[in-house]
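Reviewing the structure listed below.
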Amino acid sequence: MGTTRRSKQTIILAAGLLCLLLVGVAFLKYSGKNGDTAEQGLSTYSVKKGDLVMSVAEGGTIKARNSVDIKSQVEGETTIVSIVPEGTYLSREDVDNRRVILELDASELTDRVNQQEIDFNSAEADFTEARESLDIQINQNDSDIQAGLMTVKFGLMDLKKYLGETTALKAVRKYDPNEQSKFDVTALINDPNQLGGESLQKLRDLGSEITLAEQELKRAQIDLDWTRKLYAKQYESRSELETAQLNSDRLKVRWDQAKTALDLFIRYEFPKEAERLFSEFLEAERQLQRVHAQARSKLAQAQAKVKSTEARYTLSKERLGKLTQQLAACTVRATVPGLVIYASGSRGRFGGSRSYIEVGQQIRERETIMTITNAEEKDVDVKVHETNVDKIRIGQPVRIVVDAQPDKIFLGNVKKIAPLPDQASFFGNPDLKVYTTEVSIENVDPQIKPGMSARVEILVAELRDVLSIPVQSVANRDGRKVCFLVSGGSSREIPIQTGAFNDRFIQVLDGLSEGQQVLLNPPRLLGDIRAASERPMTAKADMADSDQAAAEPEEAVNEQPPQQPETVAQDGASGRPDFDRAMQRRQAGGMESPGDRPMRMEGQMRRPRGEGREGRMRSSEDAGAAVPTRQSQGQGDNS
Numbered sequence: 151m152g153t154t155r156r157s158k159q160t161i162i163l164a165a166g167l168l169c170l171l172l173v174g175v176a177f178l179k180y181s182g183k184n185g186d187t188a189e190q191g192l193s194t195y196s197v198k199k200g201d202l203v204m205s206v207a208e209g210g211t212i213k214a215r216n217s218v219d220i221k222s223q224v225e226g227e228t229t230i231v232s233i234v235p236e237g238t239y240l241s242r243e244d245v246d247n248r249r250v251i252l253e254l255d256a257s258e259l260t261d262r263v264n265q266q267e268i269d270f271n272s273a274e275a276d277f278t279e280a281r282e283s284l285d286i287q288i289n290q291n292d293s294d295i296q297a298g299l300m301t302v303k304f305g306l307m308d309l310k311k312y313l314g315e316t317t318a319l320k321a322v323r324k325y326d327p328n329e330q331s332k333f334d335v336t337a338l339i340n341d342p343n344q345l346g347g348e349s350l351q352k353l354r355d356l357g358s359e360i361t362l363a364e365q366e367l368k369r370a371q372i373d374l375d376w377t378r379k380l381y382a383k384q385y386e387s388r389s390e391l392e393t394a395q396l397n398s399d400r401l402k403v404r405w406d407q408a409k410t411a412l413d414l415f416i417r418y419e420f421p422k423e424a425e426r427l428f429s430e431f432l433e434a435e436r437q438l439q440r441v442h443a444q445a446r447s448k449l450a451q452a453q454a455k456v457k458s459t460e461a462r463y464t465l466s467k468e469r470l471g472k473l474t475q476q477l478a479a480c481t482v483r484a485t486v487p488g489l490v491i492y493a494s495g496s497r498g499r500f501g502g503s504r505s506y507i508e509v510g511q512q513i514r515e516r517e518t519i520m521t522i523t524n525a526e527e528k529d530v531d532v533k534v535h536e537t538n539v540d541k542i543r544i545g546q547p548v549r550i551v552v553d554a555q556p557d558k559i560f561l562g563n564v565k566k567i568a569p570l571p572d573q574a575s576f577f578g579n580p581d582l583k584v585y586t587t588e589v590s591i592e593n594v595d596p597q598i599k600p601g602m603s604a605r606v607e608i609l610v611a612e613l614r615d616v617l618s619i620p621v622q623s624v625a626n627r628d629g630r631k632v633c634f635l636v637s638g639g640s641s642r643e644i645p646i647q648t649g650a651f652n653d654r655f656i657q658v659l660d661g662l663s664e665g666q667q668v669l670l671n672p673p674r675l676l677g678d679i680r681a682a683s684e685r686p687m688t689a690k691a692d693m694a695d696s697d698q699a700a701a702e703p704e705e706a707v708n709e710q711p712p713q714q715p716e717t718v719a720q721d722g723a724s725g726r727p728d729f730d731r732a733m734q735r736r737q738a739g740g741m742e743s744p745g746d747r748p749m750r751m752e753g754q755m756r757r758p759r760g761e762g763r764e765g766r767m768r769s770s771e772d773a774g775a776a777v778p779t780r781q782s783q784g785q786g787d788n789s
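Under my numbering, the first residue of the sequence shown carries the number 151, and numbering increases by one thereafter.
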């Protein structure tokens, strides 16, 4: 145990000495930069005039300009039975012959279509029967109503016939069913002049019979008196006297019968017949009202049945049509010429195993199965970061390099810029906001296929014949842009005024002349040296950066600008005044100009999650924190 502890202490002590040695070497190297430049062998750059190009470089993906997505139109899930191989080119002849390119399992749909046809035929029969029943009911209602009208009409005619037209109409008008007023027969008997028709005729006949019977009775009584007188004088026989007596008695009975008949007619027969006929007329009217109500009810029932059966028929027809369409959708035929590309991607919302289209694969409704693309016309789908989207305009020229053919440069222009950021990128990195931009390609090579990666450089602006120096030659001292002018074997700090810049060079408006020599990496302040001594790994990276800058030739000004870099911001103070001021402005929401970045170091390549474009991580760890900058191209601070 003691030996192990002593070994660990020895290793820790050796590591500590090694760190101190590295810190000392770094301190001596950086402290010697304030001396003579010739002795240090620092790299310089000769100020030149030339063209300064501002551009936005992003990664993108080749896509077909015109494409047709083949999706499943079958509800639920279905299985792929057959499919054309991926990469098959559909010609115009295939389209004319309606070549089958995809078949889905249709066994279940076939059974459902057969069953739905049975339901549809039943619904159609019920609907036809309901319509015929409606027509029959309409005719029956007309017949019933017409019969009721005739009954009312005949009842009124019977009433008029018995009471007379005037009296009958008067009685009908006076009748009020709401007040339940009765037919006044007594008034008619008391005033026979109001009567007419059969009742008046009957009344007259009865009166005539009484009068005739009375007169005949009087005559018979006179004959009887004379017969008695003659019999008393023995001029008439006894049989003649009895005959006269019998005739008188018979006529008296007849007279009494006539009077009784009139009394019975007035007291019973006339009121009974009058009220019977009047009641029959009223009942005929009520029956007519009931016929109308029954006709409306039966008609409504027939119409409701028609609507119900029609709705069932329509629904059944729609279902049959929908199932028929889905059954037809199980067989997909070629409609446009082009290249067949299978759809592939993650099934889950937040990722998952990658699924591929193949025979036996389960396909959901509206899921894309394949895409038929036009191989002759292509575009590039580019994701532009939010810091650069304001610089891009429709119609700007573009240079495109496809990764599959890096030795060729294709030209194009910006066609479309999305107004909102891409939602799909939020799942991979919520802090990353990119805008989908479409770029056209001119004179596209047939060997370039959709889905290939490409590097796109969008030309934002171009300055002709301007002075420029590398961005790493500019430093920020107390709010001023400065660089170190090399003259006579020594360097001195001079203020300059800067203009537009890209990721490598910055325009010089005032302070320098063509042909002057400036340091590529300006000397650092004492605070930077202390920070570097506290972080030996950063000091080693700074030395490597200085060596790399010294090894770059001056002709690098004419080289193509590299891919747009990305940086990651970290909190913390460096102890360096100019760096701390840049950090404060950044946290306050201000943009940083190249002069605020006196020292840059290229580190590891970094690709943001969810993006197809390339970016670079540039940090300044010499102060203990990364500089929160994005190497975007635009206009610099002219102060």
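Note that CB positions come from ideal geometry on N, CA and C, so glycine has one too. As the structure is a computational prediction, the values presented were derived from the model and not from experiment.
Quiz prompt | Chain-order list of residues whose beta-carbon lies under 6 Å from that of A318 (same chain, five-residue window excluded) | solution = L309 and K310
Practice problem: Could you tell me whether the region 431-451 touches the region 292-309, using the rule of 3 or more Cβ pairs below 8 Å? | Solution: When Cβ pairs closer than 8 Å are counted between the two stretches, the region 431-451 is seen to touch the region 292-309, the count reaching three or more.
Exercise. Name the residue from K402, I212 and L489 whose alpha carbon lies nearest to the alpha carbon of Q555.
Key: I212
Quiz item: Excluding sequence positions up to five away, which residues of its chain have a Cβ less than 6 Å from the Cβ of L391?
Solution: T377 and Y381
Exercise. Could you please give me the residues that DSSP links to K528 through a beta bridge?
Key: Answer is A214, bridged to K528.
Practice problem: Could you tell me if T648 is buried or exposed, where buried requires 16 or more neighbouring beta carbons within 10 angstroms of its beta carbon? | Solution: buried
Quiz item: Which class does G661 belong to by DSSP, given the choice of helix, strand or coil?
Solution: coil
Quiz item: If Q622 and N652 are in contact, beta carbons under 8 Å, what's the gap, nearest whole angstrom?
Solution: Going by Cβ atoms, the distance from Q622 to N652 rounds to 13 Å, so no, they are not a contact pair.
Quiz item: Name the DSSP bridge partner or partners of R630?
Solution: R627
Quiz item: In angstroms, rounded to a whole number, what distance separates the CA positions of T229 and N247?
Solution: T229 and N247: Cα-Cα distance of roughly 25 Å.
Quiz item: Does the separation of the CB atoms of E517 and K221 fall below 8 Å?
Solution: yes
Quiz item: Distance, Cα to Cα, N264 vs A275?
Solution: Cα to Cα, N264 sits roughly 17 Å from A275.
Quiz item: Taking all protein chains shown into account, do 16 or more other C-beta atoms lie within 10 angstroms of the C-beta of A443, making it buried, or fewer, making it exposed?
Solution: exposed
Quiz item: Less than 8 Å separating the beta-carbons of L367 and L401?
Solution: yes
Quiz item: Quick one: does the C-beta of E315 sit closer than 7 Å to a heavy atom of the ligand NAP?
Solution: Among the components of this structure there are no ligands whatsoever, and the ligand NAP is therefore not found.
Self-check item: F431: first and last residue of the uninterrupted beta strand (DSSP E) it sits in
Solution: Segment F420 to A479 is the alpha helix (DSSP H) holding F431; no beta strand (DSSP E) there.
Quiz item: Looking at the structure shown, is N271 part of a helix, part of a strand, or coil, going by DSSP?
Solution: If DSSP states are grouped into helix, strand and coil, N271 belongs with the helices.
Quiz item: Would the region 484-493 and the region 237-254 be scored as touching if the rule is three or more Cβ pairs under 8 Å?
Solution: yes
Quiz prompt | Opposing strand residues paired with S640 [DSSP bridges] | solution = S637
Quiz item: For N563, which residues does DSSP report across the bridge?
Solution: P547
Exercise. Return helix, strand or coil for K383, following the three-state DSSP convention.
Key: coil
Quiz prompt | Helix, strand or coil at G601 [DSSP, three-state] | solution = coil
Practice problem: Use the C-beta contact count for N626: other C-beta atoms within 10 angstroms, 16 or more gives buried, fewer gives exposed. | Solution: buried
Quiz item: Would you report the Cα separation of F560 and D615, rounded to the nearest angstrom?
Solution: 26 Å
Quiz prompt | Alpha-carbon spacing of E236 relative to A454, whole angstroms | solution = The straight-line gap separating the alpha-carbon atoms of E236 and A454 is approximately 56 Å.
Exercise. Return the CA-CA distance between Q223 and L473, expressed in angstroms with no decimal places.
Key: 11 Å
Quiz item: Is the Cβ-Cβ distance between L613 and A650 less than 8 Å?
Solution: Closer than 8 Å, so yes.
Exercise. Taking all protein chains shown into account, decide if L106 is buried (16 or more other Cβ within 10 angstroms of its Cβ) or exposed.
Key: No answer is possible for residue 106: the residues shown for the chain start at 151 and end at 789.
Exercise. Find the nearest neighbour of T586 within the set L168, L477, D595 and L570, judged by alpha-carbon distance.
Key: L570
Self-check item: Helix, strand or coil at Y506 [DSSP, three-state]
Solution: coil
Self-check item: Cβ-based neighbour list, A568, same chain, cut-off 6 Å, excluding 5 preceding and 5 following
Solution: Y585 and T586
Quiz item: When you compare only the Cα positions, how much space is there between G765 and V482?
Solution: Bear in mind that a pLDDT of 35 at G765, under 50, signals an unreliable position, so the number given afterwards is only what the model happens to contain. Each residue's alpha carbon lies about 43 Å from the other.
Practice problem: Taking E392 as part of the alpha helix (DSSP H), name the residues at either end of that continuous run. | Solution: In the DSSP assignment, E392 falls within the unbroken alpha helix (DSSP H) covering R388 to L414.
Exercise. Identify, in the order they occur along the chain, each residue of the same chain with its Cβ nearer than 7 Å to the Cβ of L374, setting aside the five sequence neighbours on each side.
Key: A394, Q395 and S398
Quiz item: Taking just the CA atoms, how far does P645 sit from G629?
Solution: 10 Å
Quiz item: Any contact of the region 269-283 with the region 444-463, i.e. 3+ C-beta pairs under 8 Å?
Solution: Contact holds: three or more Cβ-Cβ distances are below 8 Å.
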